[in-house]
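Student:
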Amino acid sequence: MHVSMVCSVCKNGRPIADPESGELVCSDCGLVFSEKAPENRAEWRNFGSEKNDRARTGSPVSLAQHDMGLNTVIGNNNKDSRGQNIDASMHSTMKRLRTYDFRSQAHTSTDRNLMRAFGELGRQRDKLGMSDAMIDKTAYIYRKALAKGLVRGRSTSAILSAAIYIACREMGAVRSLKDVGEITDVKRKVVSRSYRILIQQLEMIIPVIDPTKCIAMIANKAKLSEKSKRMAIDTMKDFTNTDASAGKRPMGLAATILYLSCLRNDEDVTQKNIAEAAGVTEVTIRNRIKDLKSRSMSSAVRDRLFP
DNA sequence: TAAGATAAGAGGGACAT
DNA sequence: ATGTCAGTCTTATCTTA
């Protein structure tokens, strides 16, 4: 299968194999490049006994379907097991059974809710560049939330957005609350509130987003030089696991260190460029600069930041 | 024009009542 | 449950180099 060699979003990253999911993801922004296309075309040959039946055996089992794709339906061909036509009374019985069968497919409110939610999830997945693994993770989280009654009283899309956000975080993909909110058309604060509820109620531990990934993402989005990017990532390593970023949004610090690195390299860039790429404001960058200036740090690091 | 300064306001956590 | 407080971040506006 053809794989484009440059990430379509950040225009810079190369596809690398993600050992966790086995998919090709962008080395810089974490976007999924491509995945194995599902083989849902008809079989070329028929291995079974039925004549002229080249159908596949069904789509893969997925959590992102309300019944996990394991549904069966009562057939419509009105033949018995030997292929004989069935008689009239049996015919009407079968018709009635089909009606019940169809209705029971999505009869509980849980099933209906899941159908709605996963329908929406399917519509969002391309916009977010989500892999199958991320979709399944999202679906799993949503199921748990629904089972715990966390959806009642809140909108499906709010909880779904939060589940998407959590799935992204767990897979190490760089997506902000703002990104997710914009794509799912849910207000950032609503996504954020739902997110907090989910991680509290489901007792989830969400890994902190890797700040070096943030830097790579911003640098590519703002089309900055590799040199500044490298430098910023090196510098950032001196700040991870310190309290420099405690309680602050990682993007703000990442953007600031990147900005300072660019200045150091005499790269033509404005606060505005970087702020936009990072999804923060210029003021935040300025505040972070002030914080950094007043911090104690080794002179080597200080020299690198403030020449 | 980019960067710095300042102010007002939103949203949420901690903590007390 | 409700109110207050400190801290973070955004938006908007004005000034400065």
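So the first sequence is numbered by the numbering used here: it starts at 28 and just counts up by one. Backbone N, C-alpha and C define an ideal beta-carbon position, used for all residues, glycine too.
Cα-Cα, which of Leu124, Arg123, Leu173 and Met121 is closest to Phe145?
Tutor: Nearest of Leu124, Arg123, Leu173 and Met121 to Phe145, Cα basis: Leu173.
Student: Are Arg196 and Pro234 touching if we call contact CB-CB under 9 Å?
Tutor: The answer is yes: Cβ separation under 9 Å.
Student: Lys106 by DSSP, collapsed to three states: which one?
Tutor: Looking at Lys106 - three-state DSSP - the assignment turns out to be strand.
Student: Distance check for Arg123 and Phe115, CA to CA, integer angstroms please.
Tutor: As written in the sequence, residue 115 is Ala, which differs from the Phe given in the question. Cα to Cα, Ala115 sits roughly 13 Å from Arg123.
Student: Any idea if Tyr127 is buried or exposed, counting beta-carbon neighbours within 10 angstroms, 16 or more meaning buried?
Tutor: Exposed, since its Cβ has fewer than 16 Cβ neighbours within 10 Å.
Student: Distance, Cα to Cα, Pro46 vs Asn105?
Tutor: Residue confidence for Pro46 is low, a pLDDT of 48 falling below 50, so the modelled location carries little weight; the figure read from the coordinates is stated next. Approximately 49 Å between the Cα atoms of the pair.
Student: Tell me the DSSP secondary structure of Asn292 in three-state form.
Tutor: Three-state DSSP puts Asn292 in coil, outside helix and strand.
Student: Between which two residues does the alpha helix (DSSP H) containing Lys254 stretch?
Tutor: Residues Glu253 to Lys264.
Student: What number of angstroms, rounded off, separates the C-alpha of Ile113 from the C-alpha of Asp107?
Tutor: Their Cα atoms are separated by approximately 6 Å.
Student: Which residues mark the beginning and the end of the alpha helix (DSSP H) in which Ser158 is found?
Tutor: Careful: Ser158 lies outside any alpha helix (DSSP H) and carries neither H nor E.
Student: Label Asn103 either buried or exposed according to how many other C-beta atoms from any shown protein chain fall within 10 Å of its C-beta, with 16 as the threshold for buried.
Tutor: So Asn103 ends up on the exposed side.
Student: With distances taken Cα to Cα, identify the nearest neighbour of Thr137 among Gln111, Gly176 and Ser119.
Tutor: The shortest C-alpha separation from Thr137 is found at Gly176.
Student: Between which two residues does the alpha helix (DSSP H) harbouring Ile312 extend?
Tutor: Unbroken alpha helix (DSSP H) run through Ile312: Glu309 to Ser321.
Student: Please determine if the region 307-318 and the region 274-288 are in contact, where contact requires at least 3 C-beta pairs separated by less than 8 Å.
Tutor: The region 307-318 is in contact with the region 274-288.
Student: Please work out which residues of its chain come closer than 8 Å, Cβ to Cβ, to Arg257, disregarding the five sequence neighbours upstream and downstream, and give them in chain order.
Tutor: Cβ within range, chain order: n/a, list empty.
Student: Could you pull out every residue in the same chain whose Cβ sits closer than 7 Å to the Cβ of Tyr167, ignoring the five residues on either side in sequence?
Tutor: Once the five neighbours on either side are set aside, the close Cβ partners of Tyr167 are Leu90.
Student: In the DSSP assignment, find the alpha helix (DSSP H) that holds Arg215 and state where it starts and stops.
Tutor: Taken as a continuous stretch (DSSP letters only), the alpha helix (DSSP H) holding Arg215 covers Arg215 to Gln228.
Student: Can you tell me the Cα-Cα spacing of Arg150 and Ile191, whole angstroms?
Tutor: Distance between the alpha carbons of Arg150 and Ile191 is about 13 Å.
Student: What first and last residue would you give for the alpha helix (DSSP H) that runs through Gly208?
Tutor: Leu204 to Thr211 is the extent of the alpha helix (DSSP H) around Gly208.
Student: Taking Met142 as the reference, which of Met95, Val213 and Thr283 has the closest Cα?
Tutor: With distances taken between Cα atoms, Met142 lies closest to Met95.
Student: When you compare the CB positions of Ser221 and Ser255, do they come within less than 9 Å of one another, or not?
Tutor: Taking 9 Å as the Cβ cut-off, Ser221 and Ser255 do not qualify as a contacting pair.
Student: Could you say which of Ile260, Thr283, Lys171 and Glu209 lies nearest to Gln228 if we only look at CA atoms?
Tutor: Considering only alpha carbons, the answer is Lys171.
Student: Got a sec, what are the start and stop residues for the alpha helix (DSSP H) Met244 sits in?
Tutor: First-last of the alpha helix (DSSP H) with Met244: Pro238 to Lys248.
Student: Should Met258 be listed as close to the ligand NAP, given that the test is whether its C-beta is under 8 Å from any heavy atom?
Tutor: This structure lacks the ligand NAP, and indeed carries no ligand of any kind.
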